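Enquirer: Please read through the structure below; I'll follow up with questions.
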Amino acid sequence: MRKDGEHLGYGGIFNSLAVEFDTWTNVDTQQSDDVFQDHISIHSGGPLSPNGSNRSTSLGFWRPYDIADGKVHTAKVQYLPYVETRYFELMTANENLIPYLKDNGEGRRLGTLAVFVDQGIKEDRPLLAIPVNLSLILNLPDSLAYVGFTASTGRKWQKNEIHRWEWCRIEC
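FYI, the numbering for the sequence shown is 2 to 173, going by my numbering.
Laid out in structure tokens, this is it:
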């Protein structure tokens with residue numbers, strides 16, 4: 002049974018990919034693998050399994066970043082349809098990523114999903130990046146997807162705001 006606030010609002014969603022900006026430690030829940038500091042991570046259960054904020058759906062390792070400091074932060078999530086070699090030293094992977102590191106027979110190869118925060122955007126230095134074939138993670142009929150935002154702290158309180166966002170098919 003899930004308690005209020007667990008999995009940041011995206012838990013249980015099949016065929017989804019989440020870029021997680023986690024500012025709350027869930028020490029009072031059954032989610033015992035939550036880390037005890039602000040962090041950013043990428044999660045998916047693939048097309049046939051539910052997503053969640055625990056290690057079983059993490060596609061790589063989380064990276065610490067102080068995002069609950071009361072300041073406004075800027076983030077950029079970018080997918081490149083090729084492996085960006087400049088980001089090799091910043092890439093992360095774990096065993097959950099293995100099924101999504103191959104060609105699926107339709108000519109779509111590995112790409113790079115990168116998350117940039119604050120100064121990293123200007124410096125073209127992501128906080129974290131993963132090599133991934135998105136066509137294996139997501140089953141997208143007609144290549145269409147929904148994009149959304151969610152936040153959750155259960156019975157606690159925290160202010161989370163999206164001041165502005167853009168969706169670009171090419172460089173913004």
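Just so it is clear, CB atoms sit at the ideal spot from N, CA and C, and this is done for glycine as well.
None of these values were measured; they are calculated from a predicted model.
If you count every other CB in all the chains shown that lies within 10 Å of the CB of T58, and 16 or more means buried, which is it?
Expert: Translated into positions along the sequence shown, residue 58 becomes position 57. Its Cβ being crowded by 16 or more others within 10 Å, T58 is buried.
Enquirer: Do W25 and S42 have their C-beta atoms closer together than 8 Å?
Expert: For the purposes of this step, residue 25 is taken as residue 24 along the sequence shown, with counting starting at 1. For the purposes of this step, residue 42 is taken as residue 41 along the sequence shown, with counting starting at 1. The answer is no: Cβ separation not under 8 Å.
Enquirer: State the DSSP-derived secondary structure class of G10, mapped to helix, strand or coil.
Expert: Locating residue 10 in the sequence shown gives position 9, where the first residue counts as 1. G10 falls in the helix class under three-state DSSP.
Enquirer: I'd like to check one pair, I131 with T86: are the Cβ atoms closer than 8 Å?
Expert: One-based indexing of the sequence shown puts residue 86 at position 85. One-based indexing of the sequence shown puts residue 131 at position 130. No.
Enquirer: For A19, write down the residues that DSSP places opposite it in a beta bridge.
Expert: For the purposes of this step, residue 19 is identified with residue 18 of the sequence shown, where counting begins at 1. In DSSP, A19 forms a bridge with H44.
Enquirer: Take P65 as the anchor and find which of D143, L111 and P127 has the nearest alpha-carbon.
Expert: Position 64 of the sequence shown, counted from the start, is the residue given in the question as residue 65. For P65, the nearest C-alpha among the options comes from P127.
Enquirer: For a quick check, are the C-beta atoms of L18 and L139 less than 8 Å apart?
Expert: Start at 1 with the first residue of the sequence shown, and residue 18 comes out as number 17. Start at 1 with the first residue of the sequence shown, and residue 139 comes out as number 138. In this structure, L139 lies closer than 8 Å to L18 by Cβ.
Enquirer: What residue does the beta strand (DSSP E) around Q79 start on, and which one ends it?
Expert: Along the sequence shown, one-based indexing puts residue 79 at 78. Looking at the DSSP string, the run of the beta strand (DSSP E) that includes Q79 is A76 to L81.
Enquirer: Does the beta-carbon of S136 have 16 or more other beta-carbons within 10 angstroms, so that it is buried, or is it exposed?
Expert: Along the sequence shown, read from residue 1 onward, the residue named residue 136 stands at position 135. Label assigned to S136: buried.
Enquirer: Quick check on DSSP: helix, strand or coil for L98?
Expert: By 1-based counting over the sequence shown, the position of residue 98 is 97. It is helical.
Enquirer: Specify the secondary structure class of T24 as computed by DSSP and reduced to three states.
Expert: Against the sequence shown, residue 24 aligns to sequence position 23. Correct three-state label for T24: coil.
Enquirer: Who are L129's beta bridge partners in DSSP?
Expert: Your numbering for residue 129 matches position 128 in the sequence shown. The partner list for L129 (beta bridge, DSSP) reads V116.
Enquirer: Roughly how many angstroms lie between the CA atoms of N55 and E96, to the nearest whole one?
Expert: Translated into positions along the sequence shown, residue 55 becomes position 54. Translated into positions along the sequence shown, residue 96 becomes position 95. N55 and E96: Cα-Cα distance of roughly 14 Å.
Enquirer: How about L81 and G112: are their beta carbons less than 8 Å apart?
Expert: Position 80 of the sequence shown, counted from the first residue, corresponds to residue 81. Position 111 of the sequence shown, counted from the first residue, corresponds to residue 112. Cβ atoms of L81 and G112: closer than 8 Å.
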